[in-house]
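The next block holds one structure in the form of structure tokens; read it before the comments.
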Amino acid sequence: MSILLDISKIDMVFPTPKGDFTALKEVDLKIKKGEFISLIGHSGCGKSTVLNVVAGLLQATKGGVLLNNKEVTEPGPERAVVFQNHSLLPWLTAYQNVELAVKQVFNRKMSKAEMQDWIEHNLKLVHMDHAMHKRPDEISGGMKQRVGIARALAMQPEVLLMDEPFGALDALTRAHMQDSLMEIQDELNNTVIMITHDVDEAVLLSDRIVMMTNGPAATVGEILDVKLERPRNRLSLAQDAEYNRLRSAVLTFLYEKQRKVENIPAQSSSKKAGETGDLQIVDSTNDVDVA
Amino acid sequence: MTTLIRKMMTADSDSTLLVKSLQFLSQRAKAVVLPMVGIAVFLVIWSFAANSIDTSLGKFPGPKAVVTQIGNLYQEHQSEREKKAAFYQRQEERNAKRIAKDPDYQPKIRAYTGKETFLDQIGTSLVTVMSGFILAAVIAIPLGIAVGLSKTLNTAINPIIQVFKPVSPLAWLPLVTMVVSAVYVSPEPMFAKSFINSMITVTLCCLWPMVINTSVGVAAIDQDWVNVSRVLRLPSLVHVQKIVLPASIPAIFTGMRLSLGIAWMVLIAAEMLAQNPGLGKFVWDEFQNGSSQSLSRIMTAVIVIGFIGFLLDRAMLQLQRLVSWDKESANR
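Chains as they are written, first to last, in this note's numbering: chain A, 1 to 291; chain B, 292 to 623.
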């Protein structure tokens, strides 16, 4: 398959009062159409920065991003973003939030009735058709994230960018959302870049896992091909030898090769890890800061 | 009350519903009783203090004098209304007679020019304050949005706002008066000059809190919402309309409530000096009048001014609850 998205040797340098800070150094990644890519790495390594450069919300200092051989210079609906904290507009209902996107993207390409069908279709896809006329503050965190995904899917993006989409959810809701996402992915076969902290999530969902080295000057460390058959089932995979090999490969990368030395008290992070039970890398510093 | 409820709880644990309803009642009672107690204590202190202050116009008015004056002022209003009705009736009769005599006669209708009553003056004040406030909002909210969106504009305009914000209405008034009398010249003016003067002074004073609050609200919009708009490539006008305006509604309303409070305070001072026939003029006229009733009439006006200010704020809050998506901030 042909290369859809080419992240070509991007450097990202942020000017700070203390001098330039190099967040990314020669990040290079080629993504094929229909591929599901996970970006994993310790917090502060610049995963979000990569995503924001692809989204066009940030401009790379050096290098660039090509989508269908065209350079990305600004944000656009063909690179829809699912933000970490849903970022639904609180004064609009779920339906209206999706409508805002659909009206903008399919302006004059769809009739009013077609738009309505399309909005409802997307909300149905994420199982939110029962609550589509509720406002964000009336629905749970998982439901908000579903609407956020519906909004992004409704733009019919060429690449779907997800910035820790389930990071703010509890473990059970997260598992449920991952299953939903796999279901949607089976149907639509989108090209997806997803940032995650969760090793299981990465192995379960991805075709390839891109592991990033620690910052500053973070770059792509290793890329792991996940050749597990689809559809995947989390319960049967738990016993699967290949699944466990991949899982330990990621863990080895994160905890041995790229061991994060934290000077900041580790107390809060150990508490958080215990809470969710699964082996995930916990975000104690804020990597969105860099973004 | 609470001890009673506690006793009941221990005596009869089955009737929890009764206990709960009693608790609810006692809470409601507290919400009613405590303010009552506060008002009662205030009235007592007021009447004692009033009794012990002697002025050249007699004793300082206490609560009783104010109640009497409220009655008087209402009576005056009624009798003035009767006079007005009688005047128009006489005029109509006279015109009818003339027309009966001479069918070609074009009847002349003269407006009644009696003195304004207290209630009329309240009406004038409300109209003036709302006109000034609305004019300020029409200027301030778009300006605030522009300043909030553009850091450049903010840096350019901020010093001007900071300098004009603390200026008292009394300082503006002479300038406004002179400019209005120079610019607003027409043989048959639609509005009285005194009205225009008071209104513009109100506008000048309540402009700034709205500009500042709106701009701060706009500048503090959640970056994620801005990113949503950028990913959708919303055109700037749609961005303002669909994202910026709704997102900063809570801040805009905070500014509007502050401004309306200031507008009402400024208005009284402006009316005193501009001789706009509102509550300010009422206070000034009574002060100049210097009769034995003057002080109690002024005190009545003070209390009425306070009440109206309170009601204006409540009305604004209700409007905010109606319009704003952010019910949390509307509860403050």
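A virtual CB, placed ideally from N, CA and C, is assigned to each residue, including glycine.
On a predicted model such as this, the values are computed, not experimentally measured, just so you know.
Whether residue i touches residue j by CB criterion (8 Å)
i               : j               : result
A606 of chain B : V420 of chain B : no
M155 of chain A : F166 of chain A : no
I436 of chain B : T505 of chain B : yes
A152 of chain A : A80 of chain A  : yes
L123 of chain A : V102 of chain A : no
L246 of chain A : V203 of chain A : yes
L586 of chain B : G349 of chain B : yes
G508 of chain B : I543 of chain B : yes
A60 of chain A  : D11 of chain A  : yes
P460 of chain B : T415 of chain B : no
V474 of chain B : N488 of chain B : no
S477 of chain B : N567 of chain B : no
A341 of chain B : G329 of chain B : no
L57 of chain A  : P75 of chain A  : yes
L498 of chain B : A561 of chain B : no
Span of the beta strand (DSSP E) around residue i
i               : result
G63 of chain A  : 62-67
E222 of chain A : 220-225
I193 of chain A : 191-196
K649 of chain B : Any property of residue 649 of chain B remains undetermined from this structure, which presents chain B solely from 292 to 623.
I3 of chain A   : 3-16
R208 of chain A : 208-212
Minimum C-alpha distance to residue i - residue among the options
i               : options                        : result
D395 of chain B : B:R401, B:N386, B:Y403         : B:N386
S347 of chain B : B:K572, B:G329, B:Q584         : B:Q584
P157 of chain A : A:L67, A:R208, A:S8            : A:L67
R407 of chain B : B:Q380, B:A431, B:E367, B:I390 : Per the sequence shown, residue 407 of chain B should be read as Glu rather than Arg. For the residues B:Q380, B:A431, B:E367, B:I390, the minimum Cα distance to E407 of chain B belongs to B:E367.
T196 of chain A : A:T22, A:L188, A:Q84           : A:Q84
K47 of chain A  : A:D179, A:D170, A:L161         : A:L161
K257 of chain A : A:P17, A:H42, A:E120, A:Y243   : A:H42
D28 of chain A  : A:R232, A:G215, A:L5           : A:L5
D200 of chain A : A:T16, A:V126, A:I40, A:S8     : A:I40
Q532 of chain B : B:L440, B:P500, B:G597, B:N580 : B:L440
K227 of chain A : A:Y243, A:Q239, A:T219         : A:Y243
S206 of chain A : A:S38, A:K18, A:K30, A:G19     : A:S38
Alpha-carbon spacing of residue i relative to residue j, whole angstroms
i               : j               : result
M128 of chain A : M143 of chain A : 7 Å
M132 of chain A : A94 of chain A  : 5 Å
K375 of chain B : V535 of chain B : 52 Å
S2 of chain A   : V105 of chain A : 26 Å
M327 of chain B : L603 of chain B : 22 Å
I540 of chain B : T359 of chain B : 44 Å
W294 of chain A : A447 of chain B : The shown model of chain A, from 1 to 291, leaves out residue 294 of chain A, and the question about it has no answer.
T22 of chain A  : N52 of chain A  : 15 Å
I589 of chain B : G405 of chain B : 21 Å
E275 of chain A : R234 of chain A : Bear in mind that the predicted position of E275 of chain A carries a pLDDT of just 42, short of 50, making it too unreliable to give a figure here.
A356 of chain B : I559 of chain B : 22 Å
F409 of chain B : E383 of chain B : 27 Å
S87 of chain A  : M115 of chain A : 22 Å
L172 of chain A : K62 of chain A  : 41 Å
I432 of chain B : L549 of chain B : 14 Å
Y379 of chain B : R389 of chain B : 15 Å
I344 of chain B : W337 of chain B : 11 Å
V593 of chain B : L610 of chain B : 26 Å
K33 of chain A  : R208 of chain A : 13 Å
A391 of chain B : R401 of chain B : 19 Å
V250 of chain A : C45 of chain A  : 16 Å
G423 of chain B : M490 of chain B : 5 Å
L564 of chain B : K572 of chain B : 8 Å
L466 of chain B : L316 of chain B : 57 Å
H530 of chain B : L89 of chain A  : 12 Å
A198 of chain A : P537 of chain B : According to the sequence shown, residue 198 of chain A is Asp rather than Ala. Using only the alpha carbons, I get a separation of about 36 Å.
V50 of chain A  : V429 of chain B : 43 Å
A331 of chain B : P526 of chain B : 59 Å
D287 of chain A : N449 of chain B : Note that D287 of chain A scores 41 on pLDDT, short of 50, meaning its location in the model is unreliable and no value can be drawn from it.
A168 of chain A : E78 of chain A  : 25 Å
M501 of chain B : V310 of chain B : 48 Å
P15 of chain A  : L325 of chain B : 59 Å
Start and end residues, alpha helix (DSSP H) containing residue i
i               : result
L608 of chain B : 585-614
F253 of chain A : Looking at the DSSP string, F253 of chain A is not in any alpha helix (DSSP H), and its letter there is neither H nor E.
V328 of chain B : 307-342
N449 of chain B : 442-455
M563 of chain B : 536-565
S459 of chain B : Note, S459 of chain B: premise wrong, no alpha helix (DSSP H); not H, not E.
E384 of chain B : 354-392
N580 of chain B : 570-580
Task: Within the stretch 97-179 of chain A, ranges of the alpha helix (DSSP H) (whole runs, at least 4 residues) - done: Qualifying alpha helix (DSSP H) stretches, in chain order: 112-125, 141-154.
- [ ] Entirely within the stretch 20-99 of chain A and at least 3 residues each: give me those beta strand (DSSP E) ranges in chain order.
- [x] Taken in chain order, the complete beta strand (DSSP E) segments of 3 or more residues contained in the stretch 20-99 of chain A are 36-40, 62-67.
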